[in-house]
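K.L.:
This note's numbering applies: residue 257 is where the sequence shown begins, and numbers increase by one. We put the beta carbon where it would ideally sit given N, CA and C, even for glycine.
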Amino acid sequence: MLISTAYAMGAPGGQAGQAGGIAGFLPIIILFAIFYFLLIRPQQKKAKEHKAMIDNLKTGNRVVTSGGIFGTIVSLDDTAVGLEIAEKVKIKVARSNIAGLVNGNEAAAKAKEKN
257 MLISTAYAMG
267 APGGQAGQAG
277 GIAGFLPIII
287 LFAIFYFLLI
297 RPQQKKAKEH
307 KAMIDNLKTG
317 NRVVTSGGIF
327 GTIVSLDDTA
337 VGLEIAEKVK
347 IKVARSNIAG
357 LVNGNEAAAK
367 AKEKN
């Protein structure tokens, strides 16, 4: 009795393949478009801006590293940047670890807030 009920609930023979074709892939295409415009494209734009900033670094720029160290660029190399983080204290970090440029006024304001 149970088996005959299961067969009775199945789709009729001629209607199984009508929803195929592009209509079956439409939800996947829409999801990919949403992911592209909300996740992939902004991430690529941010990476492109970061690369341009890294390529345009100059001696004397105030920067912050991805580790949160603030410093002034004293030397540049193809792969490394020399930073002066305090008077007569210099460190070398990879160019890719530079998170961003720091405006001089912002750095002065943060220093005042600490004191």
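Out of Leu313, Ser352 and Ser322, state which residue places its alpha-carbon closest to the alpha-carbon of Val330.
P.N.:
The residue labelled residue 330 in the question sits at position 74 within the sequence shown. When each option's Cα is compared against that of Val330, the closest is Leu313.
K.L.:
May I ask you to report which of helix, strand or coil DSSP gives Leu357?
P.N.:
As a first step, residue 357 must be located in the sequence shown, where it is residue number 101. Three-state DSSP puts Leu357 in a strand.
K.L.:
Taking Cβ to Cβ, would you say Thr198 is nearer than 9 Å to Ala355?
P.N.:
No answer is possible for residue 198: it lies beyond the span of the chain, which begins at 257 and ends at 371.
K.L.:
What number of angstroms, rounded off, separates the C-alpha of Lys302 from the C-alpha of Ile347?
P.N.:
The residue given as residue 302 occupies position 46 in the sequence shown. The residue given as residue 347 occupies position 91 in the sequence shown. Those two C-alpha atoms are separated by around 27 Å.
K.L.:
Identify whether Ile329 lies in helix, strand or coil by the three-state DSSP scheme.
P.N.:
For this step, residue 329 is matched to residue 73 along the sequence shown. Looking at Ile329 - three-state DSSP - the assignment turns out to be strand.
K.L.:
Helix, strand or coil for Leu339? Go by DSSP, reduced to three states.
P.N.:
One-based indexing of the sequence shown puts residue 339 at position 83. The answer is strand: DSSP assigns Leu339 an E or B state.
K.L.:
Per DSSP, which one or two residues make a beta bridge with Ala350?
P.N.:
The residue given as residue 350 occupies position 94 in the sequence shown. Looking at the DSSP assignment, Ala350 forms a beta bridge with Ala336.
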